[in-house]
Amino acid sequence: MSEHPFLLAPDLVDGPPPDPLSEDEIRDRLVVRGVRTNVSTLLGFELVDLSIEGRWIEARFNPTPQLANLRGSVQGGIITAMLDEVMSLSVLVAERFTCGVPTLEIKTSYYNPLPVEPCRARGEAMRIGGRVAFMEGTVWTPAGEIAAKASATCQVRRVKPAAKP
1 MSEHPFLLAP
11 DLVDGPPPDP
21 LSEDEIRDRL
31 VVRGVRTNVS
41 TLLGFELVDL
51 SIEGRWIEAR
61 FNPTPQLANL
71 RGSVQGGIIT
81 AMLDEVMSLS
91 VLVAERFTCG
101 VPTLEIKTSY
111 YNPLPVEPCR
121 ARGEAMRIGG
131 RVAFMEGTVW
141 TPAGEIAAKA
151 SATCQVRRVK
161 PAAKP
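165 is the number that full-length UniProt numbering gives the last residue of the sequence shown; the numbers go up by one with no jumps.
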């Protein structure tokens, strides 16, 4: 796995596949070291809980006024970014950070405005195949109403074993 500070998961590199992370190591990666060097910082990501076996992750996002639309609620593309973050992380958690998971396609449905306040989100890996995974996610308003739901597919990019000389 790369030691680059922005990369927290492997992505089609040659070499030995990475060792699967334990739940404690995943929590360390998402909380102690933090996913703070990338878009998670912009979104105000905080891990709430996760389940390797359940293939889900829950997070809190703390959007700032810079992420608001003209009506004063969180802009829709930012909400989709929050959903993409928890959905992608659900696959990484289920696969114990042994692969990369670039999103191939995402569909978001919006139900209620999301105030610029801390909110809760959940991502779940619905099905993980050899090359593609299917994910779902939900973001709730601080009042507990569904702000948006999304479904997405991602590529499951496993590390390629090094070529034999």
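Note that CB positions come from ideal geometry on N, CA and C, so glycine has one too.
Keep in mind it's a predicted model, so treat the numbers as computed, not measured.
Would you mind working out which of the options sits nearest residue i, comparing C-alpha positions?
i      : options                         : result
Asp19  : Gln66, Glu95 and Phe61          : Glu95
Lys107 : Ala148, Ile57 and Gly130        : Ala148
Leu104 : Met87, Arg120 and Tyr111        : Met87
Asp24  : Asp49, Ala152 and Gly100        : Asp49
Arg158 : Gly129, Ala125 and Gly100       : Gly100
Phe61  : Ile52, Ser22 and Ala81          : Ala81
Arg120 : Val139, Leu89 and Ser40         : Val139
Val132 : Pro102, Leu114, Leu42 and Arg27 : Pro102
For residue i, report the span of its alpha helix (DSSP H) as first-last.
i      : result
Gly77  : Gly76 to Ala94
Arg60  : Counting along the chain, Arg60 falls outside any alpha helix (DSSP H), though it belongs to the beta strand (DSSP E) covering Trp56 to Phe61.
Val39  : Val39 to Leu43
Glu117 : Careful: Glu117 lies outside any alpha helix (DSSP H) and carries neither H nor E.
Lys24  : Here residue 24 is Asp; the residue named in the question, Lys, does not match the sequence. Glu23 to Arg27 is the extent of the alpha helix (DSSP H) around Asp24.
According to the neighbour-count rule (16 or more other Cβ atoms, all chains shown, within 10 Å of its Cβ), is residue i buried or exposed?
i           : result
Gly72       : exposed
Gly77       : exposed
Arg55       : buried
residue 166 : This structure gives no information on residue 166, because the portion of the chain shown stretches from 1 to 165.
Ala143      : exposed
According to DSSP, residue i sits in a beta bridge with which residue or residues?
i     : result
Leu50 : Ile57
So the beta strand (DSSP E) residue i belongs to, where does it begin and stop?
i      : result
Leu104 : Thr103 to Tyr110
Counting only runs of 3+ residues fully inside the segment 119-153, write out the beta strand (DSSP E) ranges in chain order.
With a minimum length of 3 residues, the continuous beta strand (DSSP E) runs that stay inside the segment 119-153 are 119-128 and 132-140.
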